[in-house]
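Participant:
There are 2 protein chains.
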Amino acid sequence: MAQQPINMIQINWKPDKDARSSLYSQIVSYFQERITSGDWVSGQKLPSQRKLAELFGVNRSTIVEAMDELMALGLLEGSRGGGTRVANEGWANLIRDKTPDWQSYIKASRFYPNVPTVQIINRLEFESGITRMSTGELSPDLMQTKITQDILSHLSDRKIFMNYPDPLGMPSLRRAIQEHLKKIGIEVPISCILVVSGALQALQLISTGIVKSQARVFVEAPSYLNSLNIFESVGAQLVSIPMDAQGLAPWLTKDMQSGGAHSLLYTIPTFQNPTGCVMPASRRREVLQYCTERHIPIIEDDVFSDLWLDAPPPLPMKAFDRCGSVVYISSLSKCFSPGFRLGWLVGPEAIVQRLADVKMQMDYGVSVLTQQVAEELFTSGAYEQGVQNIRARLKHRRDFMMLLLERYFDGLADWNCPAGGFFVWIRLRNGVPAESLFKRALSEGLLIMPGGVYDRNHTSSIRLTYGYLPEDEMARGVKRLSEMLRTLQPGA
Amino acid sequence: MAQQPINMIQINWKPDKDARSSLYSQIVSYFQERITSGDWVSGQKLPSQRKLAELFGVNRSTIVEAMDELMALGLLEGSRGGGTRVANEGWANLIRDKTPDWQSYIKASRFYPNVPTVQIINRLEFESGITRMSTGELSPDLMQTKITQDILSHLSDRKIFMNYPDPLGMPSLRRAIQEHLKKIGIEVPISCILVVSGALQALQLISTGIVKSQARVFVEAPSYLNSLNIFESVGAQLVSIPMDAQGLAPWLTKDMQSGGAHSLLYTIPTFQNPTGCVMPASRRREVLQYCTERHIPIIEDDVFSDLWLDAPPPLPMKAFDRCGSVVYISSLSKCFSPGFRLGWLVGPEAIVQRLADVKMQMDYGVSVLTQQVAEELFTSGAYEQGVQNIRARLKHRRDFMMLLLERYFDGLADWNCPAGGFFVWIRLRNGVPAESLFKRALSEGLLIMPGGVYDRNHTSSIRLTYGYLPEDEMARGVKRLSEMLRTLQPGA
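The listed protein sequences derive, respectively, from chains A and B.
The opening residue of the first sequence carries number 1 in the working numbering; numbering runs sequentially from there.
The opening residue of the second sequence carries number 1001 in the working numbering; numbering runs sequentially from there.
Listed below in structure tokens is the structure:
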């Protein structure tokens, strides 16, 4: 788990075809410069020769020639698994004596790298030619840019606050969030609200600020939290708890029975990621009571609830919490703008103060530009208008995805129609390994999420989204996946 | 060091004088509600009765009566050190059985709270009636709000990008930063630039991503880094290295001689925080060579350099770095806007990729609103115009501060005239303890930084700023400090 991958070099350069020096020698010089300056370090891998030829817009033979020269210089070497990498030896006398051994610094740190599949996805999502069939955000064409432009225009008429914000977030924004929360039954003073850079940062602050090494963090099986390594990095252990049709059912296992020192429950009761499941109100009360009796605090992740498509979901568990057992987190990322990086955490004051202190050591708070935009979004009613616009269009997309699945996945898989959010959880039939489908799809530039990322026992499920791709690409992708799926059937 | 303070309760409420129920019973109900709901937890301290009376706008006798009732109910108790706190016992049967023991969660986490003095300052800076004589940011009236409003107005005319940003930051912003860096001699591809939420986050990413437990981090004596606990939280040890008039002088000690596995040097060569010292070009080369020979990577913090007041400072060390030894960090915080929370880190690609992966696990990147504003700031020339405006006015303030010190501190202390930045480092004569002055000043609402925060051997120095207060307040504050200082003289 703690093993650190050595990344591939990144190339944002092309040889100049009009230059006096040859393409070959330009390429050699470029590699020499990047390696001897320490920008690229021992062990980093190179793209394939085919890919390099494409990147530089030169013939493959030119690449072969340049690589030969660089190997002769001792700057590159063949890698055991095939391919080429920046050399460890040879040019050492020249330069290695002076360059710090950065890889050893990376390897010595305790913080885990991202889950490998997630790393691949983080990298590929920004490359051209990739079809993002499972991405965790709404499409750019669903973004309410007009509303945002209007807000910026309003802000440009008034004096912007540009200094350091209050550690908990700007009081005016917290008051706006306080009003927003009242609509879903949460009534708290603003001293119990912490403005954060998205729900992920809230989780990061929790893992850093109140989780102890060896603590158990209970999660739904499957859970988004398994796609992160942040709790493992502080030495905590994620323990999967079974779900039934109504969501989390802790009484189906003995794991949570005794509570246990410093354990926590992490749950997404509304439009759960990745299953899309909604916990009914009665189940929310049952789970809350079960945990309260066992002194297990609950982290309630509520980032999807404004994206309901059929009917508003039940109130969050925090609305029924009379004992300060629930730390509630939400954000603008899923329902309005992923890029704003703005969320909020609601909890007992002692926890909010502790996490604010941790946040002050990490980044001194959230951008005040974004805070002022968010405040205006809430107080002007623009946020409500924006999510209404998004819901109408997202519902159409959801219905279209259901049609596609019925048409192409019938007999190959099972799924439920999600009542909100933008994920559909698809259970492949006949134990087809999702990892195989993931790899096959990736080779054609289709990105899906294999279930194993969310739970080790869900290796035959995949997560797709109807929130990102245009309809024609969605249709092409689902059709292509179904074709691959047929070839992966046992006996096919 | 790892001991966790229990914070004071926060009150943002007043009894309603027009309500039917008495002020006394409203106050009792408010406390009951906040304690039994778990918002306030065992051990949290209450403000003094005098302060409570002031906060609620009621007579002291009403407070005394309400407190008596709450103590009788077992919800409050007297604290050993005087004062009152939320009780541990008594109401337990009622509620504690259900509330998670949050304080034990906080205490069990490995992450250190902020340095106590820094915690006090973080909290007080946002309270009214406090005169911030040492704060680490420019005054709101120096903020270039007009320039920022113009940028927002430009942005409101075009389609805003609102999705998740590239893990390294938006490529268009990185290209703008790349051009900005060329002006100070740093030429790097954009794959070596990571956009971060301020220089503090860069340090946090470094401590989390490439620092090993037990590693030694060399810092200037005194250093800003000693005011943070983030390196200690990952088990590293800060080692102070002496400075002379030209700045850091590692050869004056044996500590850095052998390098040592996974050690790092953290330095602020330009307008050092807190001393204001500028390392001349020759010294920069000497330090770089000294570290390179010993395989000690350098973290170069360059957040102040655009605030030069007399002449541009020497180029950063990163401009001479041919071996990938230097990780360079800078931001908009000190020279343009603290609240934007936008900075950049420049280093070898392998380091940038590792830290981007860590950042993706912490907050998924920097607000795209702020990124787009920053890009426009750099590409339009507005940033350059803004810092020019600030420099002109800051120079005036610096000169005024020098006049004040000559008038009031003559014979009491020594200082140098800072050539840039906004701090002046004042060495008190006769060994007067800065901590005593800090406390005395605090009792009158004057906030200064005692030197001990930056180095344990600099307990007789203080840091003041000329960047924040208006001239009349600056004058009143310096005069008042000098009066206190006279009473603190030995034999006074």
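Note that CB positions come from ideal geometry on N, CA and C, so glycine has one too.
Because the structure is a prediction, the values reported are computed rather than measured.
For residue 1417 of chain B, count neighbouring C-beta atoms within 10 Å of its own C-beta (all shown protein chains included) and say buried if the count is 16 or more, exposed if not.
Facilitator: Looking up residue 1417 of chain B in the second sequence gives position 417. Exposed: under 16 other Cβ atoms inside 10 Å.
Participant: Once the 5 residues before and after residue 35 of chain A are set aside, which same chain residues still bring their CB inside 7 angstroms of it?
Facilitator: For this step, residue 35 of chain A is matched to residue 35 along the first sequence. 75, 86.
Participant: Determine the closest residue to residue 215 of chain A out of A/252, A/265, A/253, with distance taken between C-alpha atoms.
Facilitator: Here the question's residue 215 of chain A lines up with position 215 in the first sequence. It is A/265 whose Cα lies nearest to the Cα of residue 215 of chain A.
Participant: When we look at the beta-carbon of residue 566 of chain A and count the other beta-carbons within 10 Å, is it buried (16 or more) or exposed?
Facilitator: Given that chain A is displayed from residue 1 to residue 492, the structure contains no residue 566 of chain A and the question cannot be resolved.
Participant: Can you give me the C-alpha to C-alpha distance between residue 1346 of chain B and residue 256 of chain A, rounded to a whole angstrom?
Facilitator: Position 346 of the second sequence, counting from 1, holds the residue named residue 1346 of chain B. Position 256 of the first sequence, counting from 1, holds the residue named residue 256 of chain A. Residue 1346 of chain B and residue 256 of chain A: Cα-Cα distance of roughly 46 angstroms.
Participant: Write down the C-beta distance between residue 248 of chain A and residue 419 of chain A rounded to the nearest angstrom, noting that I regard them as a contact closer than 8 angstroms.
Facilitator: Position 248 of the first sequence holds residue 248 of chain A. Position 419 of the first sequence holds residue 419 of chain A. About 17 angstroms; that fails the 8 angstroms criterion.
Participant: Return the chain-ordered list of same chain residues with a C-beta closer than 7 angstroms to the C-beta of residue 1002 of chain B, the five sequence neighbours on each side being excluded.
Facilitator: Within the second sequence, residue 1002 of chain B is the residue found at index 2, counting from 1. For residue 1002 of chain B, the pLDDT reaches just 39, beneath the cut-off of 50, and the residue's location in the model is therefore unreliable, although a value from the coordinates is still provided. So the list reads 1112, once near-sequence residues are dropped.
Participant: Can you pull the chain B neighbours of residue 319 of chain A, defined as C-beta to C-beta under 8 angstroms?
Facilitator: On the first sequence, position 319 is the one that residue 319 of chain A refers to. Simply none; closest approach about 12 angstroms.
Participant: Would you give the residue range spanned by the beta strand (DSSP E) that residue 406 of chain A belongs to?
Facilitator: Position 406 of the first sequence, counting from 1, holds the residue named residue 406 of chain A. Taken as a continuous stretch (DSSP letters only), residue 406 of chain A belongs to no beta strand (DSSP E), being part of the alpha helix (DSSP H) at 382-408.
Participant: Could you check how far apart the C-beta atoms of residue 44 of chain A and residue 1350 of chain B are, in whole angstroms? I think they sit under 8 angstroms.
Facilitator: For the purposes of this step, residue 44 of chain A is taken as residue 44 along the first sequence, with counting starting at 1. For the purposes of this step, residue 1350 of chain B is taken as residue 350 along the second sequence, with counting starting at 1. With a Cβ gap of about 6 angstroms, residue 44 of chain A and residue 1350 of chain B count as contacting.
Participant: For the putative contact between residue 236 of chain A and residue 301 of chain A, defined by C-beta atoms under 8 angstroms, what is the C-beta separation to the nearest angstrom?
Facilitator: Counting from one through the first sequence, the residue named residue 236 of chain A turns up at place 236. Counting from one through the first sequence, the residue named residue 301 of chain A turns up at place 301. Incorrect: roughly 16 angstroms between the Cβ atoms, too far for contact.
Participant: Applying a beta-carbon distance threshold of less than 8 angstroms, which residues of chain B neighbour residue 493 of chain A?
Facilitator: Because chain A here runs from 1 to 492, residue 493 of chain A falls outside it and cannot be looked at.
Participant: Tell me, which residues are paired with residue 345 of chain A by DSSP?
Facilitator: Translated into positions along the first sequence, residue 345 of chain A becomes position 345. Its beta-bridge partners are A/194, A/329.
Participant: Ends of the alpha helix (DSSP H) at residue 1438 of chain B?
Facilitator: Working through the second sequence from its first residue, we reach residue 1438 of chain B at position 438. Element bounds for residue 1438 of chain B: 1434-1443.
Participant: If you measure between the beta carbons of residue 202 of chain A and residue 196 of chain A, is that distance less than 7 angstroms?
Facilitator: Taking the first residue of the first sequence as position 1, residue 202 of chain A is located at position 202. Taking the first residue of the first sequence as position 1, residue 196 of chain A is located at position 196. For residue 202 of chain A and residue 196 of chain A, yes; Cβs fall inside 7 angstroms.
Participant: Assuming residue 1415 of chain B is part of the beta strand (DSSP E), what are its boundary residues?
Facilitator: Taking the first residue of the second sequence as 1, we reach residue 1415 of chain B at position 415. Per DSSP, residue 1415 of chain B belongs to the beta strand (DSSP E) from 1413-1415.
Participant: Let's test the definition: count the other Cβ atoms within 10 Å of the Cβ of residue 127 of chain A and tell me whether it reaches 16, buried, or not, exposed.
Facilitator: What you label residue 127 of chain A is simply residue 127 of the first sequence in a count that begins at 1. Classification for residue 127 of chain A: exposed.
Participant: Can you give the beta carbon distance from residue 1106 of chain B to residue 1318 of chain B, rounded, assuming they're within the 8 angstroms contact cut?
Facilitator: Translated into the one-based positions of the second sequence, residue 1106 of chain B becomes position 106. Translated into the one-based positions of the second sequence, residue 1318 of chain B becomes position 318. Between residue 1318 of chain B and residue 1106 of chain B the Cβ distance is about 39 angstroms, and since that is not below 8 angstroms, they are no contact.
Participant: Look at the alpha carbon of residue 1118 of chain B and the alpha carbon of residue 1453 of chain B, and state the distance between them as a whole number of angstroms.
Facilitator: Indexing the second sequence from 1 puts residue 1118 of chain B at position 118. Indexing the second sequence from 1 puts residue 1453 of chain B at position 453. Roughly 8 angstroms separates the two Cα atoms.
Participant: Going by other Cβ atoms of all chains shown within 10 Å of its Cβ, with 16 needed for buried, is residue 1359 of chain B buried or exposed?
Facilitator: Position 359 of the second sequence holds residue 1359 of chain B. By the 10 Å Cβ count, residue 1359 of chain B comes out buried.
Participant: Please go through the same chain and pick out, in chain order, the residues whose beta-carbon is closer than 7 angstroms to the beta-carbon of residue 154 of chain A, but skip the five residues on each side of it.
Facilitator: Here residue 154 of chain A is taken as the residue at index 154 of the first sequence, counted from 1. Taken in chain order, the residues that qualify are 376.
Participant: Quick check: the segment 468-483 of chain A against the segment 278-296 of chain A, are there 3 or more CB pairs under 8 angstroms?
Facilitator: At 8 angstroms Cβ cutoff, the stretches do not touch.
Participant: Does the distance from the C-beta atom of residue 371 of chain A to that of residue 170 of chain A stay below 7 angstroms?
Facilitator: Along the first sequence, one-based indexing puts residue 371 of chain A at 371. Along the first sequence, one-based indexing puts residue 170 of chain A at 170. It is a contact, given that the beta carbons lie within the stated cut-off.
Participant: Along the beta strand (DSSP E) that carries residue 1078 of chain B, what are the first and last residues, could you check?
Facilitator: Indexing the second sequence from 1 puts residue 1078 of chain B at position 78. Note, residue 1078 of chain B: beta strand (DSSP E), 1076-1078.
Participant: Examine the ligand SAH and report whether any of its heavy atoms sits within less than 6 angstroms of the Cβ of residue 1447 of chain B.
Facilitator: Absence of the ligand SAH is noted for the structure shown, with no ligands found whatsoever.
Participant: So, residue 1227 of chain B versus residue 100 of chain A, is the Cβ gap smaller than 7 angstroms?
Facilitator: As a position in the second sequence, residue 1227 of chain B is number 227, starting the count at 1. As a position in the first sequence, residue 100 of chain A is number 100, starting the count at 1. No, the Cβ-Cβ distance between residue 1227 of chain B and residue 100 of chain A is not below 7 angstroms.
Participant: Output needed in chain order: residues of the segment 1151-1175 of chain B with a Cβ under 7 angstroms from some Cβ in chain A.
Facilitator: Per Cβ criterion, the list reads 1152, 1153, 1155, 1156, 1159, 1160, 1161, 1162, 1163, 1164, 1165, 1166, 1167.
Participant: CB-CB under 7 angstroms to residue 4 of chain A, same chain, minus the five flanking residues each way: which ones, in chain order?
Facilitator: Against the first sequence, residue 4 of chain A aligns to sequence position 4. At residue 4 of chain A the pLDDT is 45, less than 50, meaning the model places this residue with poor confidence and gives no usable figure here.
Participant: Is the number of C-beta pairs between the segment 1331-1346 of chain B and the segment 46-53 of chain A that are closer than 8 angstroms three or more?
Facilitator: Output reads no: the segment 46-53 of chain A does not touch the segment 1331-1346 of chain B.
Participant: How would you list, in chain order, the residues of chain A whose beta-carbon sits under 9 angstroms from the beta-carbon of residue 1304 of chain B?
Facilitator: Here the question's residue 1304 of chain B lines up with position 304 in the second sequence. In chain order: nothing, as chain A lies at least about 16 angstroms away.
Participant: Any beta carbon from chain B within less than 7 angstroms of residue 267 of chain A's own beta carbon?
Facilitator: As a first step, residue 267 of chain A must be located in the first sequence, where it is residue number 267. No, residue 267 of chain A lies away from the interface with chain B (no Cβ there is under 7 angstroms from its Cβ).
Participant: What number of angstroms, rounded off, separates the C-alpha of residue 1478 of chain B from the C-alpha of residue 1268 of chain B?
Facilitator: Mapped onto the second sequence, residue 1478 of chain B falls at position 478. Mapped onto the second sequence, residue 1268 of chain B falls at position 268. Looking at the two C-alpha atoms, the distance is approximately 27 angstroms.
Participant: If you compare alpha carbons, which of A/354, A/182, A/146, A/63 is closest to residue 386 of chain A?
Facilitator: Locating residue 386 of chain A in the first sequence gives position 386, where the first residue counts as 1. Among A/354, A/182, A/146, A/63, the Cα nearest to that of residue 386 of chain A is on A/146.
Participant: Please look up how many angstroms separate the CB atoms of residue 138 of chain A and residue 390 of chain A, rounded, as I've assumed it's under 8 angstroms.
Facilitator: If you number the first sequence from 1, residue 138 of chain A lands on position 138. If you number the first sequence from 1, residue 390 of chain A lands on position 390. That pair is a contact at about 7 angstroms.
Participant: If you reduce the DSSP assignment to three classes, tell me which class residue 1454 of chain B lands in.
Facilitator: Along the second sequence, read from residue 1 onward, the residue named residue 1454 of chain B stands at position 454. Coil at residue 1454 of chain B, not helix or strand.
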